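In my numbering, the protein residues as written are 263 to 506. Cβ atoms here follow ideal geometry from the backbone N, Cα and C, with glycine treated the same way. Owing to the predicted nature of the structure, the values given are computational and were not obtained by experimental measurement. Written out below as structure tokens is the structure these notes cover.
Rendered as structure tokens:
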């Protein structure tokens, strides 16, 4: 059994919140065990991760390694080449935009605690992931699932579609996702239909963190994958095994 965390990291300091989903992995199944939402600031995120007993791996949606002064990282450019036609290109990260990025601070802290980038499954690891291409691959989607932009109704509709997909992983023959009743509210379509404003955004953050946790469990289980870029100049891990 291994404890894995998924982090939907806010890139811009304390302006936006971060969510963390924690799961218990064993071969063939990962169970969501806890969720922490509304974490503001990198130090708060670090404290939350440090407080997880026996943490083995961390999958993070956010740039962990940034070496380029301007433009896109090579891994972001390659994601655009591969998934751009499916509307899943990357945001741009560089030292000009993010001279002291939250992701790099978090990554350095994890490295000091023994979490190596893309380490083997028997070692503590960290990895950078990106939910949009991961969802395309996990569910065999024709293009990016739209749940982050648009009107309130469009965001609700997108989150409901994502929830239905995530819940379907309970029946995956590749890696089952078990969500206990106490945490099902984040996947409750009736509840989402009533959310708006910050509450709707916070639920999106949690859903992304659950996706990241599941991606981390796929990495731990050694499923098919593509790593765009390298741990030297920045990389993005994308699972390529369809799970449903």
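Count Cβ pairs between the segment 343 to 360 and the segment 438 to 446 that sit closer than 8 Å; are there 3 or more? Fewer than three Cβ pairs drawn from the segment 343 to 360 and the segment 438 to 446 lie within less than 8 Å of each other, which leaves the two stretches out of contact.
Would you grab the beta carbon distance between residue 301 and residue 282 for me? Rounded to a whole angstrom, and I think it's under 8 Å. Between residue 301 and residue 282, the beta carbon gap of about 7 Å places them in contact (Cβ cut-off 8 Å).
Residue from 451, 398 and 418 whose Cα sits closest to the Cα of residue 351: For the residues 451, 398 and 418, the minimum Cα distance to residue 351 belongs to 398.
I need the boundaries of the alpha helix (DSSP H) containing residue 479, first residue and last residue. For residue 479, the enclosing alpha helix (DSSP H) has its first and last residue at 459 to 483.
Once you ignore the five residues that flank residue 489 on each side, which residues in its own chain have a CB closer than 6 Å to its CB? 497 and 499.
Answer yes or no: do residue 504 and residue 457 have a C-beta to C-beta separation smaller than 8 Å? Pairing residue 504 with residue 457 gives a Cβ-Cβ distance that is not under 8 Å.
Within the same chain, show all residues whose beta-carbon is closer than 7 Å to that of residue 453, passing over the 5 residues directly before and after it, in chain order. If we look at residue 453 and ignore the five residues flanking it on each side, its Cβ neighbours are 447.
Assuming residue 392 is part of the alpha helix (DSSP H), what are its boundary residues? First-last for residue 392: undefined, no H or E at that position.
Does the distance from the C-beta atom of residue 401 to that of residue 427 stay below 8 Å? The answer is yes: Cβ separation under 8 Å.
For residue 437, I'd like the list of residues in its chain whose CB is within less than 8 Å of its CB, leaving aside the five on either flank, ordered along the chain. Cβ-Cβ distances below 8 Å link residue 437 to 290, 291, 292, 431, 476, 479, 480, 483, 485 and 505 in the same chain, with the five nearest sequence neighbours on each side left out; the list follows chain order.
Residue range of the alpha helix (DSSP H) that residue 418 falls in? Segment 414 to 430, the alpha helix (DSSP H) holding residue 418.
With H, G and I counted as helix, E and B as strand and the rest as coil, what does DSSP make of residue 438? Correct three-state label for residue 438: strand.
For residue 487: DSSP bridge partner residues: Beta bridge pairing from DSSP links residue 487 with 501.
In this structure, what does DSSP give as the bridge partners for residue 379? The partner list for residue 379 (beta bridge, DSSP) reads 388.
Please list the segments of the beta strand (DSSP E) lying wholly inside the segment 265 to 303, counting only runs of 3 or more residues, in order along the chain. Within the segment 265 to 303, the runs of beta strand (DSSP E) at least 3 residues long that lie entirely inside it are, in chain order, 280 to 288 and 291 to 301.
Would you mind stating whether residue 271 and residue 364 have Cβ atoms separated by less than 8 Å? The answer is yes: Cβ separation under 8 Å.
Meets three-Cβ-pair contact criterion under 8 Å: the segment 304 to 319 and the segment 364 to 379: Contact between the segment 304 to 319 and the segment 364 to 379 is present, with at least three C-beta pairs closer than 8 Å.
Tell whether a beta-carbon distance below 8 Å holds between residue 493 and residue 327. Inclusion of residue 493 and residue 327 in the CB contact set at 8 Å is warranted, their separation being smaller than that value.
What residue does the beta strand (DSSP E) around residue 318 start on, and which one ends it? Judged by DSSP secondary structure, residue 318 falls within the beta strand (DSSP E) whose first and last residues are 317 to 323.
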